[in-house]
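Student:
There are 2 protein chains.
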Amino acid sequence: MPSVTATDRPAQDRAGQDGSLVSLRIIEAAIQQFACAGFAGASTREIARASGTAMSSITYHFGGKEGLYLACADHVAEQIGAVHAPLLDQIRAHPPADAESARTALLALLENFARFMLAPQSERFSQFVVREQQRPTEAFERIYARVMAPVLETAVGLLALARPSLDEQARRALVLHCLGMALVLRIARACVARTMEAEDIDPETADMLIASVRRSARTLLMES
Amino acid sequence: MPSVTATDRPAQDRAGQDGSLVSLRIIEAAIQQFACAGFAGASTREIARASGTAMSSITYHFGGKEGLYLACADHVAEQIGAVHAPLLDQIRAHPPADAESARTALLALLENFARFMLAPQSERFSQFVVREQQRPTEAFERIYARVMAPVLETAVGLLALARPSLDEQARRALVLHCLGMALVLRIARACVARTMEAEDIDPETADMLIASVRRSARTLLMES
DNA sequence: GTCTATACTACGATAGAC
DNA sequence: GTCTATCGTAGTATAGAC
Numbered sequence: 001m002p003s004v005t006a007t008d009r010p011a012q013d014r015a016g017q018d019g020s021l022v023s024l025r026i027i028e029a030a031i032q033q034f035a036c037a038g039f040a041g042a043s044t045r046e047i048a049r050a051s052g053t054a055m056s057s058i059t060y061h062f063g064g065k066e067g068l069y070l071a072c073a074d075h076v077a078e079q080i081g082a083v084h085a086p087l088l089d090q091i092r093a094h095p096p097a098d099a100e101s102a103r104t105a106l107l108a109l110l111e112n113f114a115r116f117m118l119a120p121q122s123e124r125f126s127q128f129v130v131r132e133q134q135r136p137t138e139a140f141e142r143i144y145a146r147v148m149a150p151v152l153e154t155a156v157g158l159l160a161l162a163r164p165s166l167d168e169q170a171r172r173a174l175v176l177h178c179l180g181m182a183l184v185l186r187i188a189r190a191c192v193a194r195t196m197e198a199e200d201i202d203p204e205t206a207d208m209l210i211a212s213v214r215r216s217a218r219t220l221l222m223e224s
Numbered sequence: 001m002p003s004v005t006a007t008d009r010p011a012q013d014r015a016g017q018d019g020s021l022v023s024l025r026i027i028e029a030a031i032q033q034f035a036c037a038g039f040a041g042a043s044t045r046e047i048a049r050a051s052g053t054a055m056s057s058i059t060y061h062f063g064g065k066e067g068l069y070l071a072c073a074d075h076v077a078e079q080i081g082a083v084h085a086p087l088l089d090q091i092r093a094h095p096p097a098d099a100e101s102a103r104t105a106l107l108a109l110l111e112n113f114a115r116f117m118l119a120p121q122s123e124r125f126s127q128f129v130v131r132e133q134q135r136p137t138e139a140f141e142r143i144y145a146r147v148m149a150p151v152l153e154t155a156v157g158l159l160a161l162a163r164p165s166l167d168e169q170a171r172r173a174l175v176l177h178c179l180g181m182a183l184v185l186r187i188a189r190a191c192v193a194r195t196m197e198a199e200d201i202d203p204e205t206a207d208m209l210i211a212s213v214r215r216s217a218r219t220l221l222m223e224s
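Shown next as structure tokens:
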């Protein structure tokens with residue numbers, strides 16, 4: 001616990017360096033709780049206990065429950081953003097010039113997203129976002145701007161190359177359908193597991209589902 | 001301690017006839033609250049106030065907050081079930097015999113579902129189910145058995161006719177993808193509205209999205 | 001910066017009048 | 001059956017010691 005630093009902006013800038021920093025431990029415990037129980041259902045007492053600190057640390061670092069929630073949103077946006085950033089950067093660095101390479105880039109983006117939807121470690125991030133989408137607050141704006149907008153707009157742009165005959169609205173709708181095919185794997189996970197006749201989704205089933213999403217998406221991305 | 005007799009459904013048989021019956025008014029207010037704020041976030045005080053009765057009526061009719069929640073799940077299942085029942089009955093009464101009519105039936109089922117996802121009056125039902133799927137409880141079992149299983153299994157059966165070359169697992173995955181295309185319209189509504197560049201989804205945009213789902217699904221349901 | 005202790009509010013449950 | 005009144009608990013926020 002370093003104590004010689006200035007008191008303005010308490011340790012905010014060091015959050016990325018030290019995994020055991022209190023404010024980061026609080027955020028990680030909080031995301032877990034918010035994802036499980038929602039904003040109202042999560043309790044700051046429980047979050048403090050789970051992160052091994054006092055409840056008043058939350059007030060100190062984040063100003064209160066609301067501030068903690070927004071900090072969680074930023075953290076979630078950063079984490080999810082990091083998953084997609086390499087691919088997005090690569091696409092921006094080498095923009096596809098023909099329909100087939102645009103399709104390839106789009107499918108890579110989608111597969112990346114689908115794999116994230118099925119990854120167990122992404123469960124709490126996904127649940128956090130899903131809850132936020134049901135009743136969007138300021139937190140949604142942050143996540144949308146940081147993660148969703150870049151992915152969606154990149155995808156729409158790629159689709160303009162892959163399926164030039166579609167008009168803009170139809171392209172945007174098609175991007176949403178493709179994302180929906182991946183999204184359902186997380187949102188309706190309980191349904192997916194039952195439909196696939198598995199107790200929970202094992203790695204083989206996950207691979208099969210991802211391959212299936214890819215196949216279906218590829219079909220939709222071809223000019224008919 | 002409350003006796004278990006509180007659960008033997010007083011006046012339940014009149015629920016369908018009298019819209020102003022207290023227990024029904026409570027359930028409708030409760031679904032609204034549970035959908036908005038989740039189980040933990042909803043307060044029985046607020047539900048009682050919104051339904052114009054005393055808090056203790058909830059104890060009397062449902063045994064407590066938990067019992068009220070389960071009653072809401074049953075009500076939601078009944079309402080959503082009613083939306084799909086006519087189509088399911090029709091399909092069962094006249095089972096399609098060839099691939100093309102199976103496709104037609106499947107598309108009708110999907111369009112019905114997509115339209116429900118976009119209907120404003122279904123918002124609270126959808127939100128209730130979405131929340132429940134994130135962390136399934138007994139309530140999910142009831143909704144799944146009453147609504148989801150019949151729709152999903154009917155769809156899988158139809159797809160066996162529409163795309164006989166696929167194996168069972170691939171067919172089940174494909175059904176989930178198609179539902180995902182419709183589901184995303186509700187789950188990620190905030191994203192959908194932004195992507196379609198609308199403040200909220202107006203009727204014209206909704207029709208366009210539904211037509212697009214139908215078109216994409218039709219493509220996926222054709223033998224390649 | 002982190003802790004303990006406490007103030008204050010809102011919750012769900014319940015008892016008892018009618 | 002529905003109401004009012006009240007109990008005990010758990011919530012957030014805050015003050016102040018160290």
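Chains as they are written, first to last, in UniProt numbering: chain A, 1 to 224; chain B, 1 to 224. Every residue, glycine too, gets a C-beta built ideally from N, C-alpha and C.
#1: To the nearest angstrom, how far is it from the Cα of residue 197 of chain B to the Cα of residue 172 of chain A?
#2: Which class does residue 135 of chain A belong to by DSSP, given the choice of helix, strand or coil?
#3: Tell me whether residue 114 of chain B is buried or exposed, calling it buried when 16 or more other Cβ atoms sit within 10 Å of its Cβ.
#4: Looking at the secondary structure, which residues open and close the alpha helix (DSSP H) in which residue 69 of chain B lies?
#5: Does the beta carbon of residue 187 of chain B come closer than 7 Å to any beta carbon on chain A?
#6: Only counting runs of 4 or more residues, tell me where the alpha helix (DSSP H) segments fall wholly within the region 157-181 of chain A, in order along the chain.
#7: Alpha carbons only, please: which of B/34, B/61, B/181 and B/126 is nearest the one belonging to residue 147 of chain B?
#8: For residue 143 of chain A, collect the residues of the same chain with a Cβ closer than 8 Å to its Cβ; drop the 5 residues on either side in sequence, then sort them by chain order.
#9: Within the 7 Å Cβ cut-off, does residue 101 of chain B reach chain A?
#10: Counting Cβ pairs closer than 8 Å, one from the region 44-55 of chain A and one from the region 89-99 of chain A, do we hit at least three?
#11: Could you give the distance in angstroms between the alpha-carbon of residue 44 of chain A and the alpha-carbon of residue 65 of chain A?
#12: Helix or strand or just coil, what does DSSP make of residue 150 of chain B?
#13: At the 7 Å Cβ level, is residue 55 of chain A part of the contact set with chain B, yes or no?
#14: Compile a chain-ordered list of the residues in the region 138-153 of chain A whose CB is closer than 9 Å to at least one CB of chain B.
#15: Quick one: grab the DSSP three-state call for residue 224 of chain A.
#16: Within 10 Å of its beta-carbon, does residue 224 of chain B have 16 or more other beta-carbons around it, so buried, or fewer, so exposed?
#17: Could one say the Cβ of residue 95 of chain B lies closer than 7 Å to chain A's Cβ atoms, at least one of them?
#18: Between the alpha carbons of residue 5 of chain A and residue 62 of chain B, how many angstroms are there, rounded?
#19: Would residue 76 of chain A count as contacting chain B if we go by Cβ distances under 7 Å?
#20: May I ask you to report which of helix, strand or coil DSSP gives residue 47 of chain A?
#21: If you measure between the beta carbons of residue 38 of chain A and residue 180 of chain B, is that distance less than 7 Å?
#22: By Cβ distance, which residues of its chain are closer than 8 Å to residue 34 of chain A, with the 5 residues on each side in sequence left out?
#23: Just how far apart, CA to CA, sit residue 51 of chain B and residue 189 of chain B?
#24: Compare the C-beta of residue 72 of chain A against all C-beta atoms of chain B and say whether one is closer than 7 Å.
#25: When burial is assigned at 16 or more other CB atoms within 10 Å of the CB, is residue 151 of chain B buried or exposed?
#26: DSSP state of residue 98 of chain B, grouped into three classes?
#27: Exposed or buried, what is residue 222 of chain B when buried is set at 16 or more other beta-carbons lying within 10 Å of its beta-carbon?
#28: For a contact defined as C-beta to C-beta under 8 Å, what are the partners of residue 212 of chain B on chain A?
#29: Using a C-beta cutoff of 7 Å, does residue 166 of chain A count as contacting chain B?
#30: Of all the CB atoms in chain B, is at least one closer than 7 Å to the CB of residue 81 of chain A?
#31: Are residue 118 of chain B and residue 48 of chain B closer than 7 Å when you measure CB to CB?
#32: Quick check on DSSP: helix, strand or coil for residue 200 of chain A?
#33: Give the interface partners of residue 125 of chain B over in chain A, defined as CB-CB distance under 9 Å, in chain order.
#34: Give the single residue among A/195, A/124 and A/187 whose Cα lies nearest to the Cα of residue 175 of chain B.
Tutor: To lay it out plainly:
#1: The straight-line gap from Cα to Cα measures roughly 9 Å.
#2: For residue 135 of chain A, the three-state secondary structure derived from DSSP is coil.
#3: So residue 114 of chain B ends up on the buried side.
#4: Bounds of the alpha helix (DSSP H) holding residue 69 of chain B are 65-93.
#5: Answer yes: the Cβ-Cβ gap between residue 187 of chain B and chain A drops below 7 Å somewhere.
#6: For the region 157-181 of chain A, not one full-length alpha helix (DSSP H) segment reaches 4 residues or more.
#7: Here the closest residue by C-alpha is B/126.
#8: Excluding five sequence positions before and after residue 143 of chain A, the CB atoms of its chain that fall closer than 8 Å to its own CB belong to 73, 76, 77, 80, 129 and 132, given in chain order.
#9: Taking Cβ atoms only, chain A never reaches closer than 7 Å to residue 101 of chain B, which makes this a no.
#10: No, because fewer than three Cβ pairs between the region 44-55 of chain A and the region 89-99 of chain A fall closer than 8 Å, the two stretches do not touch.
#11: Their backbone Cα atoms lie some 7 Å apart in a straight line.
#12: Residue state, collapsed to three classes: helix.
#13: For residue 55 of chain A, the answer is no, since every Cβ of chain B falls outside 7 Å of its Cβ.
#14: Within the region 138-153 of chain A, the qualifying residues are 140, 144, 148, 149, 152 and 153.
#15: It is coil, neither helix nor strand.
#16: Burial call: exposed.
#17: No, because no Cβ of chain A sits closer than 7 Å to the Cβ of residue 95 of chain B.
#18: Residue placement at residue 5 of chain A is flagged as unreliable, the pLDDT there being 34, under the threshold of 50; a coordinate-derived value is accordingly withheld.
#19: No, residue 76 of chain A does not count as interfacial toward chain B.
#20: For residue 47 of chain A, the secondary structure class from DSSP, reduced to helix, strand or coil, is helix.
#21: The Cβ-Cβ distance between residue 38 of chain A and residue 180 of chain B does not fall below 7 Å.
#22: Counting only residues of its own chain and dropping the five nearest sequence neighbours on each side, residue 34 of chain A has a CB closer than 8 Å to the CB of 42, 69, 72, 128 and 131.
#23: Distance between the alpha carbons of residue 51 of chain B and residue 189 of chain B: 28 Å.
#24: No - not a single Cβ of chain B is within 7 Å of the one on residue 72 of chain A.
#25: Buried, since its Cβ has 16 or more Cβ neighbours within 10 Å.
#26: In the three-state reduction of the DSSP assignment, residue 98 of chain B falls in the coil class, being assigned neither a helical nor a strand state.
#27: So residue 222 of chain B counts as exposed.
#28: Result: 170, 173, 174 and 177.
#29: Interface flag for residue 166 of chain A against chain B is unset, since no Cβ pair is found closer than 7 Å.
#30: Proximity of residue 81 of chain A to chain B, defined by a Cβ-Cβ separation below 7 Å, is not satisfied.
#31: Annotated as distal: residue 118 of chain B and residue 48 of chain B, with beta-carbon spacing of 7 Å or more.
#32: Three-state result, residue 200 of chain A: coil.
#33: The contact set of residue 125 of chain B on chain A, defined by CB atoms closer than 9 Å, is empty, because the minimum CB distance reaches about 12 Å.
#34: The shortest C-alpha separation from residue 175 of chain B is found at A/195.
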